[in-house]
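Contents: one structure, followed by commentary.
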Amino acid sequence: MKIMLNGQEREAREGETILEMCRREGVPIPTFCYHQAFGGQGACRMCMVELREEGQEQMRLVAACTYPIKSSVEIITESERIQRLRRTIVMLLARRAPDNPLMEALARTYSSPRLTAIEVEPPNCILCGLCIHACEEMGRTAIWSMFRGIDKRIGTPYDEASEDCIGCAACARICPTQAINLEEEGSTRRIWNKTFDLVACQRCGKHYATREELEYLWERSEYGQEQLCESCRKKTLAINMKSFQQ
Amino acid sequence: MQASINVNSNDRQTVLVCCGTGCTANGGREVFKTFETLLKDHAEIELLPVIKATGCNGWCEKGPLVRLLPRDITYCSVAPEDVSEIIDKTLIEGILIKRLLYRDPVSKEYLSSHHQTDFYRKQHKIALRNIGEIDPGQIDDYIEREGYQALKKALQEMSGQDIINIVQAAGLRGRGGGGFPTGRKWQACKNASGEEKFIICNGDEGDPGAFMDRSILEGDPHTIIEGMILGAYAVGASRGYVYVRDEYDLAVQNLGQAIGNARQRGYLGNSILGSDLAFDIEIVRGGGAFVCGEETALIASIEGRTGEPHDKYVFPTEKGLWGMPTVINNVETWANVPVIVLHGAEPFARIGTENSKGTKVFSLVGKVVNTGLVEVPMGTTLREVIYEIGGGLLKKRSFKAVQTGGPSGGCIPASLLDLPIDFDSLIEAGSMMGSGGLIVMDDHTCMVEVARYYTNFLAGESCGKCTPCREGLRAQLEILNRICDGEGTIEDLDLLEDISVTMQGASLCALGRTAPNPVLSTLRYFREEYLAHIEERRCPAGVCRALTTFYIDPVKCTGCQVCKKHCSVNAIQGERKEVHVIDESICIRCGECYRQCAFDAVQLRQEELR
Ligand SMILES: Cc1cc2nc3c(=O)[nH]c(=O)nc-3n(C[C@H](O)[C@H](O)[C@H](O)COP(=O)(O)O)c2cc1C
Ligand code: SF4
Ligand code: FES
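One line per chain: the protein sequences are A and B, in this order.
Letter by letter, the first sequence follows residues 1 to 246 in the working numbering.
Letter by letter, the second sequence follows residues 1 to 610 in the working numbering.
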């Protein structure tokens, strides 16, 4: 399907979102709450672009991550209007994570004025919601969003150690502002008010995963119960491949 | 099309006791029960009067109301003790009891029926046509007033497309806030393909102070049911859901009973009135948050997901409940449908303005003499509603603004009192129709504080999912707090405007997109009041505590003691009939004395405070 992207004719696949199309075409659109693995949430609103559908007179603003292309639309990804929105959105979010390098860099890019910092829980959280999706993706619901409006925040139920948490730290790894506190010391890991024992890699001895996470993965995997860290697993895989090729 | 007054064509006397929420709170049920008990002992009356408990007449302030037919007599503020007198004097002897009649404040005349009052005379009832006239528990009461006739007509002589055409030609627009053309919505759903289609009635009514949908659900549930069946027939839907705000117990009860009765009579079920139309309705109780009234949040909530909105680039008419084509309309919208289908598009389209047809129900509250539910033709001016129906301002104060459209509506100033109320003029004036709230404000109201109040409400009721709405409201609230505390700056006004633009343009749902209205409309019409707070550190209305002190003008003070009685911290001294004084060291500047004084003796110290 032919569409107009920033004044140039491009090909779009029916039903794909504007963001997916732009990523494919190499047109950058800033995002906080989008991740390939989960698709668009439409929460951060950083990805707003201007759009005109057939028969419409004026351009309107839509979120690129949730708008599915279904007809020959015209899209503009950069304009003064969009620039102004992004500047304000960054201004409003940066105060939640005032010293965070990513937010500082964005504030410079968009020349966003600095507002007084606010205290949020967990500190530096910009409420993109990716951690909740990451947890869900693991098949767990250890964290969720609580309350609504300006009191909305992420946490474990009642802020207590969650039985559902396996300490996999998928949430911490996906967080764009490193807001989730992950402490590792020797053979223990602490996350979301819960302490886990870390299992050592059978090859290199590095403490690499929690027992709970491994047991959970073993349960649902058809492969053996190997205890190898990421890099050793890759190495063994490579060795196996070689012997297989010989 | 106006509701006729005498329902019961036979001459049997009927006693209609209002048991709407307002009257019930004032003892309406007890009045009803007393009638039941006492009338039993009057075997001598040849044809015992029928007693009916009705829904809300919209005049709660004068309740409990008792109406007597066929003479069309209305008694106000009736207590159980008055019942035996009403029976002996009026029902048996035919004598009016003056004490219980409404007395017109201007002409000082006693009016025998509420229909003669200014409050009712200007109204035009379509959506509320049956409320107060029927017992919502009696399906026959509804049937007697043309009920289910539209359905019979539709099944006998109309196709689904015919119904859509009529609704479209009538110019009906959604009464839930957005004003989307109903016929166009139905057509989109009819054209969409899906294994199943759904109909939803939105009865979430989260606006604080609004009770029009509640009144209809409680007082005339069958009109909703009939409207929904007609909608289902039009678009080809098989199931309907009525989403009722969680607090509305009576609405759930009355609607539940009505659905049961409609099934028994064959209006709902597998083969409706012997045709091959199959449709049934289920009640879903609301999630309890304002934002759950937003249609995508409402659908998520019915499906058991978190009640948060989603982007609507694909409309619910294409992918709605469970991913199927869905029509969602407001309670009041549905209540208009049977009338339009039965009487045709033309009589409906004759009422109203060019682009807003029919009537709209408003809940008129605030500083007006008559408060309550009023239904008026679209295009009626604000002045007519506030001064003619509402009877003007309380305590003869002067009008300052009227807030329309619910929490994310705007404030309209006196210079626009002649604005015709319709969807488009309100938006042009920086406000909106919303669900129909009209809050009248007098000159003792601080418009910065009003903006702060609504922003605070929205900051707590936004779902918090998207940045512009959540963080925008947070920042705006901080700024408004600052200004009310006398610590605002001129730059704060630019910041308010900049944030507003982002909220309007980038928020996910209409809550966030309209949430800057309180700020923008007050900035537009009352900017000088913001400036007084910022530049002169003065609250012209005497509301913001940090910027206000009060004193009593010894010349005007009559020593009536009203201020003294209302002061919660006993800061006012003075003997009866002597001049009173405020002790500023005790005064907490709540302003209650200022609002209560009938002689304007309590004054604001208007010089700069620092
Ligand atoms: C925050 C928010 C709250 C809403 N609350 C209600 C409500 O309580 N009742 C209602 O009918 N519509 C409400 N709406 C409007 C609905 O989303 C929807 O437009 C409406 O139910 C459609 O019906 P209509 O076309 O008959 O007006 C709300 C919208 C928003 C954004
Ligand atoms: S605009 Fe407000 S209510 Fe609507 S989705 Fe965004 S945060 Fe939620
Ligand atoms: S990336 Fe589209 S809203 Fe966050």
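Here a beta-carbon is modelled for each residue, glycine too, at the ideal position from N, C-alpha and C.
Alpha-carbon spacing of residue i relative to residue j, whole angstroms
| i | j | result |
| --- | --- | --- |
| Cys-76 of chain B | Cys-463 of chain B | 42 Å |
| Arg-245 of chain B | Gly-288 of chain B | 7 Å |
| Asn-254 of chain B | Val-120 of chain A | 45 Å |
| Ile-126 of chain A | Gln-476 of chain B | 18 Å |
| Arg-610 of chain B | Glu-529 of chain B | Below a pLDDT of 50, predicted positions are generally treated as unreliable, and Arg-610 of chain B, at 41, falls in that range; the measurement from the model is reported next regardless. So the two alpha carbons sit approximately 18 Å from each other. |
| Ala-532 of chain B | Gly-486 of chain B | 10 Å |
| Ala-506 of chain B | Gly-42 of chain A | 10 Å |
| Leu-496 of chain B | Phe-599 of chain B | 38 Å |
| Leu-85 of chain A | Gln-161 of chain B | 43 Å |
| Pro-407 of chain B | Arg-452 of chain B | 11 Å |
| Ile-216 of chain B | Gly-274 of chain B | 28 Å |
| Lys-312 of chain B | Pro-413 of chain B | 34 Å |
| Ala-105 of chain A | Leu-51 of chain A | 28 Å |
| Ile-82 of chain A | Gln-8 of chain A | 19 Å |
| Thr-236 of chain A | Gly-39 of chain A | 33 Å |
| Cys-292 of chain B | Val-242 of chain B | 13 Å |
| Met-1 of chain B | Glu-136 of chain A | Note on Met-1 of chain B: pLDDT 40, under 50, position unreliable in the model; no value is reported. |
8 Å Cβ shell around residue i - same chain, five flanking residues per side excluded
| i | result |
| --- | --- |
| Arg-184 of chain B | Gln-168 |
| Glu-78 of chain A | Asn-6 |
| Leu-155 of chain B | Tyr-233, Ile-272, Leu-273, Ser-275 and Leu-277 |
Span of the beta strand (DSSP E) around residue i
| i | result |
| --- | --- |
| Gln-8 of chain A | 8-11 |
| Ala-601 of chain B | Here Ala-601 of chain B belongs to no beta strand (DSSP E), and DSSP marks it neither H nor E. |
| Lys-2 of chain A | 2-5 |
| Cys-411 of chain B | 410-413 |
| Tyr-243 of chain B | 239-244 |
| Arg-154 of chain A | Residue identity differs from the one stated: residue 154 of chain A is Ile in this sequence, not Arg. Element bounds for Ile-154 of chain A: 153-155. |
| Gln-403 of chain B | 399-404 |
| Cys-171 of chain A | First-last for Cys-171 of chain A: 170-174, but that is the alpha helix (DSSP H), not the beta strand (DSSP E). |
| Phe-423 of chain B | Counting along the chain, Phe-423 of chain B falls outside any beta strand (DSSP E), though it belongs to the alpha helix (DSSP H) covering 423-428. |
| Phe-196 of chain A | 194-200 |
Residue range of the alpha helix (DSSP H) that includes residue i
| i | result |
| --- | --- |
| Tyr-216 of chain A | 211-219 |
| Cys-201 of chain B | Element bounds for Cys-201 of chain B: not the alpha helix (DSSP H) but the beta strand (DSSP E), 198-203. |
| Asp-141 of chain B | 139-144 |
| Met-48 of chain A | Taken as a continuous stretch (DSSP letters only), Met-48 of chain A belongs to no alpha helix (DSSP H), being part of the beta strand (DSSP E) at 48-52. |
| Ala-188 of chain B | 182-191 |
| Ser-521 of chain B | 517-525 |
| Gly-472 of chain B | 467-484 |
| Tyr-75 of chain B | Note, Tyr-75 of chain B: premise wrong, no alpha helix (DSSP H); beta strand (DSSP E) at 73-75. |
| Ser-612 of chain B | The structure shown does not extend to residue 612 of chain B, since chain B is modelled only from 1 to 610, so the question has no answer here. |
| Phe-612 of chain B | The requested residue 612 of chain B does not occur in the structure, where chain B is confined to residues 1 to 610. |
| Ser-215 of chain B | 212-219 |
Beta-carbon proximity list for residue i, same chain, < 7 Å, skipping 5 on both sides
| i | result |
| --- | --- |
| Ser-111 of chain A | Arg-87 |
| Asn-6 of chain B | With a pLDDT of 39 at Asn-6 of chain B, under the threshold of 50, the predicted position of this residue should be treated as unreliable, though the coordinate-derived value follows. Result list for Asn-6 of chain B: Leu-69, Pro-70 and Asp-72, in chain order. |
| Asn-8 of chain B | Confidence in Asn-8 of chain B is poor, its pLDDT being 42 and thus under 50, which makes the residue's placement unreliable; the coordinate value appears in the next sentence. Hits under 7 Å: Thr-14, Leu-69 and Pro-70. |
| Ile-95 of chain B | Lys-89 |
Same chain, Cβ closer than 6 Å to residue i, neighbours up to 5 away in sequence not counted
| i | result |
| --- | --- |
| Cys-509 of chain B | Glu-294 and Pro-309 |
| Phe-196 of chain A | Gly-167, Arg-189 and Thr-210 |
| Leu-417 of chain B | Leu-382 and Arg-383 |
| Cys-22 of chain A | Ile-29 |
| Asn-193 of chain A | Ala-161 |
| Arg-513 of chain B | Gln-504 and Ser-507 |
| Ala-12 of chain A | Met-1, Ile-3, Met-21 and Ile-69 |
Scan the segment 29-54 of chain A for residues whose Cβ lies nearer than 7 Å to a Cβ of chain B and list them as they occur along the chain.
Gly-42, Ala-43, Cys-44, Arg-45 and Met-48
Against chain B: residues of the segment 167-180 of chain A by CB proximity under 9 Å
none
Anything in the segment 311-322 of chain B with a Cβ closer than 9 Å to a Cβ of chain A? List those residues in chain order, please.
Asp-311, Tyr-313 and Val-314
Beta strand (DSSP E) runs contained entirely in the segment 267-342 of chain B, provided each spans 3 or more residues:
280-285 and 326-330
Looking at chain A, which residues of the segment 455-471 of chain B have a Cβ within less than 7 Å of any of its Cβ atoms?
Ala-459, Gly-460, Glu-461, Ser-462, Cys-463, Gly-464, Lys-465, Cys-466, Thr-467, Pro-468, Arg-470 and Glu-471
Compile a chain-ordered list of the residues in the segment 499-521 of chain B whose CB is closer than 8 Å to at least one CB of chain A.
Ile-499, Val-501, Thr-502, Gly-505, Ala-506, Ser-507 and Leu-508
Note down, in chain order, all residues in the segment 421-447 of chain B with a beta-carbon under 8 Å from any beta-carbon belonging to chain A.
none
For the segment 149-164 of chain A, list every residue whose C-beta sits within 7 Å of some C-beta in chain B, in sequence order.
Gly-149, Ile-150 and Lys-152
Given a limit of 8 Å on CB to CB distance, which residues of the segment 75-94 of chain A reach chain B?
Arg-81, Arg-84, Leu-85, Thr-88, Ile-89, Leu-92 and Leu-93
Select from the segment 470-494 of chain B all residues with a C-beta closer than 9 Å to any C-beta belonging to chain A, and list them in chain order.
Arg-470, Glu-471, Gly-472, Leu-473, Arg-474, Ala-475, Leu-477 and Glu-478
Which parts of the segment 79-158 of chain B are runs of the alpha helix (DSSP H), unbroken and 4 residues or longer, counting only runs that do not cross its ends?
118-121, 139-144 and 149-157
Mind listing, in chain order, the continuous alpha helix (DSSP H) runs of no fewer than 4 residues lying wholly within the segment 530-567 of chain B?
562-566
Along the segment 283-296 of chain B, what residues have a CB closer than 9 Å to any CB found in chain A?
Ala-289 and Val-291
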